[in-house]
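Colleague:
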Amino acid sequence: MTVPLEVISRIKAVGIPVETSLLRRAAYSYDASNYRVPPVAVVFPSSVDDVVAVVEACAVTGTPVVSRGGGTSMAGNAIGPGIVLDFSRHMNRIHTIDDAAGVADVDPGVVLSVLSREAEHVTGGVLTFAPDPSSKTRATVGGAVGNDACGNHSVRYGRTSDHVVELDVVTSDGARLTAFAGGVRATDPGDAHSVARASTLGEKLKGLAQANLGPLRTELGRIQRQVSGYHLSHLLPEKGFNVARALVGSEGTCAVVVRARMKLVPKASNPLLVCLGYADVVDAARDIPTILEFGPAAVEGIDQAIVDTMRLRRGADSVLGLPEGKAFLYVDLDGEQPEEVSADAARLLERLKADGRLVDGRAVPHPAERATLWRVREDGAGLSSRPASGGESWPGWEDSAVPPGSLADYLADFRVLLDEHGLTGIMYGHFGAGCMHIRITYDLRTEAGRKVYREFTAAAAALVVRHGGSLSGEHGDGRARSEFLPVMYTPPVIAAFEAYRRYWDGSGLLNPGSITEPDPIDANLALAGIPDREWRTHFALSPVEAHDARTDPWVHAVQACIGVGRCRSDSGGVMCPSFRATGDEKDSTRGRSRVLQDMVRGSRSIDEGWQSEDVRAALDLCLACKACSHDCPAGVDMATYKAEFFSHYYEARRRPMSHFSLGWLPRWLKLTAYISPLVNAVLATPLSKAVARLGGLTTERALPRFASRRMLREQLAPLNGSGPADVVLFVDSFTKGFRPEVAGAAARVAADTGRQVTCETDACCGLTWISTGQLDTARKTLSRTVTKLDDGTDTPIVVIEPSCAAALKKEAPELLGTEAAQRVSSRIRSFAEAVKEWADGGWDPPAVPSSVTVQTHCHEYSTFGAAVQRKALAALGVDDVVEATGCCGVAGNFGFEAEHYDISMKVAQQALAPALASTGPGVPVLADGFSCTIQVKQLAPGRRGLHIAELIDPAAERDVRGAND
625 MTVPLEVISR IKAVGIPVET SLLRRAAYSY DASNYRVPPV AVVFPSSVDD
675 VVAVVEACAV TGTPVVSRGG GTSMAGNAIG PGIVLDFSRH MNRIHTIDDA
725 AGVADVDPGV VLSVLSREAE HVTGGVLTFA PDPSSKTRAT VGGAVGNDAC
775 GNHSVRYGRT SDHVVELDVV TSDGARLTAF AGGVRATDPG DAHSVARAST
825 LGEKLKGLAQ ANLGPLRTEL GRIQRQVSGY HLSHLLPEKG FNVARALVGS
875 EGTCAVVVRA RMKLVPKASN PLLVCLGYAD VVDAARDIPT ILEFGPAAVE
925 GIDQAIVDTM RLRRGADSVL GLPEGKAFLY VDLDGEQPEE VSADAARLLE
975 RLKADGRLVD GRAVPHPAER ATLWRVREDG AGLSSRPASG GESWPGWEDS
1025 AVPPGSLADY LADFRVLLDE HGLTGIMYGH FGAGCMHIRI TYDLRTEAGR
1075 KVYREFTAAA AALVVRHGGS LSGEHGDGRA RSEFLPVMYT PPVIAAFEAY
1125 RRYWDGSGLL NPGSITEPDP IDANLALAGI PDREWRTHFA LSPVEAHDAR
1175 TDPWVHAVQA CIGVGRCRSD SGGVMCPSFR ATGDEKDSTR GRSRVLQDMV
1225 RGSRSIDEGW QSEDVRAALD LCLACKACSH DCPAGVDMAT YKAEFFSHYY
1275 EARRRPMSHF SLGWLPRWLK LTAYISPLVN AVLATPLSKA VARLGGLTTE
1325 RALPRFASRR MLREQLAPLN GSGPADVVLF VDSFTKGFRP EVAGAAARVA
1375 ADTGRQVTCE TDACCGLTWI STGQLDTARK TLSRTVTKLD DGTDTPIVVI
1425 EPSCAAALKK EAPELLGTEA AQRVSSRIRS FAEAVKEWAD GGWDPPAVPS
1475 SVTVQTHCHE YSTFGAAVQR KALAALGVDD VVEATGCCGV AGNFGFEAEH
1525 YDISMKVAQQ ALAPALASTG PGVPVLADGF SCTIQVKQLA PGRRGLHIAE
1575 LIDPAAERDV RGAND
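To convert, count from 1 in the sequence shown and add 624; that's our numbering.
(1) Cutting at 6 Å between CB atoms, please list the residues of its own chain near Met-934, excluding the five before and the five after it.
(2) Going by C-alpha distance, which of Arg-1218, Arg-1063, Leu-1563 is nearest Pro-1538?
(3) For Thr-1417, does the count of other Cβ atoms within 10 angstroms reach 16, so buried, or fall short, so exposed?
(4) Using the C-alpha atoms, what's the distance from Val-793 back to Asp-786?
(5) Quick check: Glu-1607 and Ile-1145, are their CB atoms within less than 9 Å of each other?
(6) Judging by CA-CA distance, which residue of Ala-810, Leu-832, Gln-1559 is the nearest neighbour of Ala-822?
(7) How about Asn-894 and Gly-959: do their beta carbons lie closer than 9 Å?
(8) In whole angstroms, what is the alpha-carbon distance linking Val-631 and Gly-798?
(9) For the region 965-1052, which segments carrying the beta strand (DSSP E) assignment without a break, of at least 3 residues, lie completely within its bounds, in sequence order?
(10) How many whole angstroms separate the CB atoms of Ala-1496 and Ile-1572, which I take to be in contact at a CB cut-off of 8 Å?
(11) If you draw a straight line from the alpha carbon of Leu-739 to that of Gly-1569, how long is it in whole angstroms?
(12) Taking the alpha-carbon positions, what's the Leu-647 to Val-1224 distance?
(13) Taking the continuous alpha helix (DSSP H) assigned at Leu-916, which residues delimit it?
(14) Spatial neighbours of Ala-879 within its chain, please: CB distance less than 6 Å, with the 5 preceding and 5 following residues excluded, ordered by chain position.
(15) So the candidates are Arg-1325, Ala-1436, Gly-1513; which of them puts its Cα closest to the Cα of Pro-1565?
(16) Apart from the five residues on each side of it in sequence, which residues of its chain come closer than 7 Å, Cβ to Cβ, to Val-1168?
(17) Who are the Cβ neighbours of Gly-1465 in its own chain at under 6 Å, not counting the five residues just before and after it?
(18) Candidates Ala-1123, Leu-1068, Thr-764, Ala-1119: which alpha carbon is nearest Lys-828's?
(19) Taking the alpha-carbon positions, what's the Asp-911 to Pro-1578 distance?
(20) Count the other CB atoms, across all protein chains shown, that sit within 10 Å of the CB of Val-684; report buried if there are 16 or more and exposed otherwise.
(21) Report the three-state DSSP secondary structure of Val-1584 (helix, strand or coil).
(22) Taking C-alpha atoms, which residue in Arg-1192, Tyr-1113, Leu-1302 lies nearest to Leu-856?
(23) Between the region 655-674 and the region 1015-1035, can you find at least three pairs of beta-carbon atoms closer than 8 Å?
(24) Thinking Leu-1286 and Asn-1517 are a contact (beta carbons under 8 Å), I'd like their distance in whole angstroms, please.
(25) Considering only DSSP beta bridges, list what Tyr-659 is partnered with.
(26) Need the endpoints of the alpha helix (DSSP H) that Glu-1237 sits in, please.
(27) Could you have a look at Met-886 and say whether DSSP puts it in helix, strand or coil?
(28) Within this structure, are the beta carbons of Lys-887 and Gly-775 separated by less than 9 Å?
(29) Pull up the distance between the alpha-carbon of Val-1315 and that of Tyr-652, whole angstroms please.
(30) Can you name the start and end residues of the beta strand (DSSP E) that His-719 belongs to?
(31) For the alpha helix (DSSP H) that Gln-1559 lies in, which residues bound it at each end?
(32) So, for Arg-994: in the same chain, excluding its five sequence neighbours on each side, which residues have a beta-carbon less than 7 Å away from its beta-carbon?
(33) Could you give the DSSP three-state label for His-1054: helix, strand or coil?
(34) For the beta strand (DSSP E) containing Tyr-954, list its first residue and its last residue.
(35) Kindly indicate the opening and closing residues of the alpha helix (DSSP H) around Glu-673.
(36) Pick helix, strand or coil for Thr-761, following the three-state DSSP scheme.
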């Protein structure tokens, strides 16, 4: 695609940066839909003046304009040709929160959860912002206005349109207007062009409503979730000619929203979740009318496939508290008195049991248990994309809505329709509002599959209309459903839609392809047109699933990202530390995935793909923390993709020096073990900085002291190695080379449990070669290690360093692909995991401090479970745990590399630095990972990061377990 130079030069001429790189355009060619439309360029406006300047340049050159917030649209309405305006990066300010009026004045790029959090903070927990779609931690106000988003609690709070007071917009002819309840005015009364435009537009909109009173009254606003088309019923006289509400849901096709005044609502008091289990979703839907009699704030549903996938990805304990059943409803009750809420819950359960469809049900009063259950629902889109049962599912018909009382019959008929087309649907959604999010097993990779997609969508549109419903219930029509709006609406209403859009945007430049004059639903599909090639990889990348999808494993792996954007969240989980540091889409897991997806699509050859500078640049700030492999609901593993790509990319290039200084670290440590006094003496002089620069390392971070072989021997000498081992203690290269005292503590702890311990000190997990993409060496190293460890027993192998444990657990089987590697993997325990097993098995550990600060290790978090450290400490009896759940920022080689130091320290501010600041110097700091201890020292030189083995070392004095070095 050739970038039109005139529009770019016009925008640059007024001092606005324009991004036109292939990397940037690749990241913005996709949203969370089935579509791919490359833009001309991307602009990150900082002000309304920037927006006006860009729109004027586009108007002169005939270039389309697409507004974008979090980029989480499932209908394809956040992508398009022309200039994409991403408001999330700079225009994300909350200007005021008026407690008395209950109104927030915000930029369009404000994230919904941030607005809710700030509203609650400012009003002392009295008010909040109501719309809470599952994407609320990255979706923006502008996007919610564009789609008329609703969310989990729409049963009570309705749609975004119910919460709009005023919208400031820019039209395609450069007018700055404010839409409100009663009309439209110039935002600046002194702006003559905008005053005239507002007057003309207002008259045309009134005339449009007057000319279509009958159709607008009978066809629009019939059900709670009727989002399809334009919301012209708000222009009716009895609706107060509310131009602001009519503009909501227009998907950026009428005007560019640049500011909004939004209503706040009272925050619910004493919420109580009631979880209900049913035999299937149809039975669950039949109970909706009864449930609604109890005035719930939310009635959400999921099916068993989503639960199974959550447990597969994140462990059996990631979903706790579900009742028996194969389909589940979450019912949120609340009220002034907790006793009354509990009584309502009991009455609801009794009533549903009497009706005979409920399999099981329970109230869930514990906040932590409620949070885990809601997480399953919120991650539904990603979890259902590649379910535990295998295969793939896609959006397209993921947003239909019917009257809640018709939902059961609609779902029963819908399942028949699926069967007729040989498809399966994974169902979840807003049951209480009659809105279903159904991801379907379309085959969008083949011509035959795309034909089924079109035929099925046409039949589904007719079905939902037959049940009195809407094609869209909150995601908008976009590219996915606009073509079928004539199935739902009569020609007069379609004509009114066309006139409405024309009055706002006579040039047709704003988000073309959606609502009116739509693109075909099977145009611009992202899975169409990808070359059928064999990309040879070192890692085994789910070859069975790829075979089912009839595509190459590497292609299948990088296409795991479906765009839901959880990696753009500013809190919760660990993913994605680089995005949280920069706020830039290209530094998110999703942004990197999109560049990889364009690599397999657009490269003229495989060799050209592996040599892509755009991919290398996109991967540059990936810390390889592996958090995405746990937190991403679609199962993206960017650390693996980075290692694989680097292994090919550097076949024909000179590697950076850090790949030798740090990537070959286990080899250097074998040498330094013999000459550590000399090495340490040199590093204590000004020569240390010269050594660091020579190795491609930052001079801002002191290099650690190296340990000698004698130090390790002394630590492990007391170990009694006679008799068959109950535990194999794997002493990794980091522990041997830098902190042998941890090896001694770990050995003493294991022996204190009464187990016979043997140590493996002459094997390596290959981690440093993996993280730098030196996979041939990593494979050879792991092969030797697996051969040594695969001794024919099932003796647990307890690994001291969490990252090494993760490498042996996950990377070894994926790189070697052997049964021996699988056997060894099944025996691997992280040390914290082993401690919990020992404590649960009856071991009485030494006394522990009452409180500790813990730096969660990213690799341990992703491979052994998010709560492994907390569980171990609970088993030991530690009551007060301040947990830094986030990457420390060092992440192996990343934080030592000169070019990455600044980002490393920004990442540390996300979790570790606040955790250290919130606890006193006497509170022990647990940092099982060697990298984490380095960052603790950098942030708080007076505090020492301890391994959990040191905390519970039976030979240690109490003051040794303290926090000070």
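In this text, a Cβ means the ideal position worked out from N, Cα and C, and glycines have one as well.
Modeller: Let's see:
(1) Ser-942, Val-943, Val-1000, Leu-1007
(2) Leu-1563
(3) exposed
(4) 18 Å
(5) Outside the shown range of the chain (625 to 1589) lies residue 1607, about which nothing can therefore be said.
(6) Ala-810
(7) yes
(8) 15 Å
(9) 984-988
(10) 6 Å
(11) 36 Å
(12) 13 Å
(13) 912-916
(14) Val-793, Thr-795, Trp-1128
(15) Arg-1325
(16) Because the pLDDT at Val-1168 is just 49, under 50, the model does not fix this residue reliably, and the point stays unresolved.
(17) none
(18) Ala-1123
(19) 58 Å
(20) exposed
(21) Legend: pLDDT at Val-1584 = 41, less than 50; position of this residue unreliable, value from coordinates given subsequently. DSSP places Val-1584 in helix when its eight states are reduced to three.
(22) Tyr-1113
(23) yes
(24) 4 Å
(25) Leu-1149
(26) 1237-1243
(27) strand
(28) no
(29) 41 Å
(30) 718-722
(31) 1554-1563
(32) Leu-897, Val-988
(33) strand
(34) 951-957
(35) First, the amino acid is wrong: residue 673 is Asp here, not Glu. Residues 672-685.
(36) coil
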